[in-house]
Amino acid sequence: MAHFEKAKSLNEWLDQRLAINTLNRVLAKEYWIPKDINFLWAMGMVLAITFGILLVSGIFLLMYYQPNVDLAFDSVNFTIMQEVGYGWLWRHVHAVAASVVFLIIYIHMFTGIYYGSYKKGRELIWISGMLLFVAFSAEAFSGYMLPWGQMSYWAGMVITNLFSMGSLELNGIVEWIRGDYVPAQAFLDRFFMLHVLLIPVAILALIGVHFGALRLPHVNNQNGEEIDFAVEAEKYKAGNKAASKVIAFANDFMSKDLFVVAVFLVFFFYLVFWNYGFAMDPVNFDPADGLVTPAHIYPEWYFLWSYEILRPFSKDIGLVAFAFAQVIFFLLPFLDRSPNAVPANRRGLFSIWFWAMLVDLIVLTAMGKLPPEGIYSTIGLVAALVFIALWIILPIITKLEKKL
Ligand code: HEM
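Numbering-wise (this note's numbering), the sequence shown opens with residue 400 and increments by one.
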């Protein structure tokens, strides 16, 4: 047993047992943030807060939701929306947060791509970020099943069908995933478990890994300057704060982060109270019916770009293209062969690549929502081919890039 002095305060008592002061120093007081960053660097904090909102609102919804194919639809649309006091508010908060979180994730990802924040020791930040993206996608999909409306049912049918692997017709796998021949009680039970337990726990663990991966390389900055954090931190600690290129996370930088979070929350609650409709598909206000297929089955807006990469091709090629779209972003740190971790606008061809990729993803998203007919399907096909071509040329153009 170690020797313990009598503590003079609660802080000291806790510090002796949990090293809270060391933790506070390493994670906050002496966690150095470059001064040369803009509001886009607050998106990580906005994401963390939005995830918190999803957890809290989800817990309230869970008190009345019934994971049963005969009761689920009414438990959401009648009990929660009409009978429970402020049930509608928790549902709108949850649905709007689930949609907006993807907007912020995409902004956060493209900030990282623009500033080359996945390079030189930051690869694991990027990879853990991509794992978070996949985990959030699985969380959103499983949550979409729970109201057991028409879109829940048919999106569940379409996505699980993908696991038959096209012409390989591995139907046994599809039934194994569903626990039945069609989406039914076993399907709802397991997606309920994934949504409320396994995936949220995985997300929490991944956020821990993501933050851990950030601690040593520190965040990047607007000009890709290689900062000697030890030297700059000494200046800051010696009181020479103006000359130092860094500030402490707590409380200096955190106050700026919280300002951006506050602006975000104004926008968020505006959506919750006045514009929540965009986060709910009208077709999902009809109860699930395995005998009536909706005219158009399409996913939520954040999955449309990858859906549109699947759709314009024949069955098997579409599946391969879809699988390609799911994994290729993971490989970005290795496909970008240039050592320059600077903003895209200083990187010549890469700058064109960046904007072409962004516009292409927006075109794919727009086409994914429209019926695959006439000119729309041609535009969709071209955009899908451009997406694949952009990834193929990335290693070549970045290899040619001059070292800055
Ligand atoms: C809910 C999920 C996520 C949370 C809570 C989160 C949180 C954070 C936070 C707090 C930071 C530091 C400050 C900042 O740059 O914003 C950060 C940085 C970063 N994140 Fe995420 N992130 C998430 C998802 C992602 C995703 C999906 C990606 C992309 C694959 C990603 C890639 C990065 C990168 C590259 C950085 C480093 C930025 C830099 O060094 O300048 N993150 N993240």
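Ideal Cβ positions, reconstructed from N, Cα and C, are used throughout, including at glycine.
- Distance from the CA atom of alanine 629 to the CA atom of leucine 531, rounded to whole angstroms, is 30 Å.
- In this structure, Ile524 is the residue among Ile524, His493 and Gln415 with its C-alpha nearest to the C-alpha of leucine 613.
- Per DSSP, the unbroken alpha helix (DSSP H) holding alanine 537 starts and ends at 522–544.
- Going by DSSP, valine 781 is part of the alpha helix (DSSP H) stretching over 773–799.
- Here proline 693 is not near glycine 779, since their CB atoms are 9 Å or more apart.
- Distances from the CB of arginine 521 to the heavy atoms of ligand 1 include at least one below 8 Å.
- In this structure, glycine 515 lies near alanine 743, with their beta-carbon atoms less than 9 Å apart.
- Closer than 8 Å to some heavy atom of ligand 1: that does not describe the Cβ of proline 599.
- For isoleucine 598, the enclosing alpha helix (DSSP H) starts and ends at 598–614.
- Rounded to whole angstroms, phenylalanine 668 and leucine 460 show a C-alpha spacing of 18 Å.
- CA-to-CA, the gap between glutamate 574 and serine 563 works out to about 9 Å.
- Here valine 500 is near phenylalanine 535, since their CB atoms are less than 9 Å apart.
- Distances from the CB of phenylalanine 540 to the heavy atoms of ligand 1 are all 8 Å or more.
- Between the alpha carbons of alanine 783 and valine 726 lies a distance of about 15 Å.
- With a threshold of 8 Å, the Cβ atom of isoleucine 751 does not count as near ligand 1, since no heavy atom of the ligand is closer than that.
- Here histidine 594 is buried: its Cβ has 16 or more other Cβ atoms, across all protein chains shown, within 10 Å.
- With contacts defined as CB atoms closer than 9 Å, alanine 765 and leucine 709 fail to qualify as a contacting pair.
- For a cut-off of 8 Å, the C-beta gap from aspartate 759 to glutamate 624 is around 31 Å, too long to register as a contact.
- Counting along the chain, tryptophan 547 sits inside no alpha helix (DSSP H), nor does DSSP assign it H or E at all.
- Residue burial is scored here from C-beta neighbours: proline 681 has fewer than 16 other C-beta atoms within 10 angstroms and is therefore classed as exposed.
- The C-alpha of phenylalanine 663 lies about 42 Å from the C-alpha of isoleucine 572.
- Within its own chain, the residues whose Cβ lies closer than 7 Å to the Cβ of valine 671, once the five positions on either side in sequence are excluded, are His491, Val492 and Val495, listed in chain order.
- In this structure, the alpha-carbon of proline 771 lies about 11 Å from that of isoleucine 696.
- Judged by their CB atoms, valine 445 and valine 618 are not nearer to each other than the 9 Å cut-off.
- Around leucine 769, the same chain offers Tyr775 as residues with beta carbons nearer than 6 Å, after the five sequence neighbours per side are excluded.
- A straight line joining the alpha-carbon of phenylalanine 684 with that of arginine 736 spans about 48 Å.
- The stretch 667–744 is shown to contain whole alpha helix (DSSP H) runs of 4 or more residues at 703–709, 714–727 and 731–734, in chain order.
- Set against 8 Å, the gap from the CB of asparagine 619 to the closest heavy atom of ligand 1 is smaller.
- Relative to glycine 520, the option among Leu789, Ile796, Phe733 and Phe749 whose CA is nearest is Phe733.
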